[in-house]
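Student: In the numbering used here, the protein residues as written are 4 to 173. Before I ask anything, let me first share the structure, which is written out below as structure tokens.
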Ligand code: IMP
Ligand code: MG
């Protein structure tokens, strides 16, 4: 298998900066602070780069879930750790690396809604257009077709996460 670059480091960083500006514009006048939820492990780099570029007070929360085996979603979500702060009345932004079937996000959102946040939005670095997942993503970086991606947090069986760019295996 060969590793090919899809979005280089510069392109990824520029895109995340653009997303941060859109996010700032959306919250301007609504709230002074934001509760950003990082979906581990894949979102670690996206989350970090995104919040560093959002010029407002950002609180951090972390959720660790997994559902993949190899390049396929198993459809079973395993929650390994969950938010421990109250989200009631807060402005919550869920930060996800990539949306494929949407199962992971659907599951996470259904639980987060129970906390009754004042507002719940989603930022995803990548949206795959393979499935009609039906979840409106408020802030999207890149849209891709049916391709399995690695790098910038994304893994193939726990490898390639720390590549500074987004690539695919051919
Ligand atoms: P979904 O539940 O099918 O939407 O998949 C969401 C999760 O699966 C993401 O948060 C990723 O962690 C992982 N995932 C989906 N597609 C890819 C991919 O192309 N490469 C690496 N991980 C992926
Ligand atoms: Mg993920």
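Ideal Cβ placement from N, Cα and C applies to all residues, glycine included. Quick caveat: nothing in here was measured; it's all calculated off a predicted structure.
Helix, strand or coil: how does DSSP classify residue 75 here?
Tutor: strand
Student: Along the alpha helix (DSSP H) that carries residue 163, what are the first and last residues, could you check?
Tutor: Counting along the chain, residue 163 falls outside any alpha helix (DSSP H), and DSSP gives it neither H nor E.
Student: Considering only the beta carbon of each residue, do residue 111 and residue 97 sit closer than 8 Å?
Tutor: In this structure, residue 97 lies closer than 8 Å to residue 111 by Cβ.
Student: Per the contact definition of three or more C-beta pairs closer than 8 Å, is the region 114-134 in contact with the region 84-104?
Tutor: Between the region 84-104 and the region 114-134 there are three or more C-beta pairs closer than 8 Å, enough to call the two in contact.
Student: Helix, strand or coil: which one does DSSP assign to residue 113?
Tutor: helix
Student: Identify whether residue 171 lies in helix, strand or coil by the three-state DSSP scheme.
Tutor: strand
Student: CA-CA distance, residue 136 and residue 105?
Tutor: 5 Å
Student: Would you mind giving the Cβ-Cβ distance between residue 109 and residue 129, rounded to the nearest angstrom? I have them listed as a contact below 8 Å.
Tutor: Between residue 129 and residue 109 the Cβ distance is about 17 Å, and since that is not below 8 Å, they are no contact.
Student: Are there any heavy atoms of the ligand IMP lying less than 7 Å away from the beta-carbon of residue 101, as far as the coordinates show?
Tutor: yes
Student: In this structure, does DSSP put residue 3 in helix, strand or coil?
Tutor: This structure cannot speak to residue 3, because the chain is shown only from 4 to 173.
Student: Kindly list the residues whose CB is nearer than 6 Å to the CB of residue 50, restricted to its own chain and excluding five residues on each side of it in sequence; keep chain order.
Tutor: 41, 98
Student: Provide the residue span of the alpha helix (DSSP H) that contains residue 52, from first to last.
Tutor: 47-55
Student: Counting only the same chain and skipping the five closest in sequence on each side, list residues whose C-beta sits under 6 Å from that of residue 19.
Tutor: Cβ within range, chain order: 52, 53.
Student: Have a look at 150, 47, 79 and flag the residue whose alpha-carbon is nearest the alpha-carbon of residue 133.
Tutor: 150
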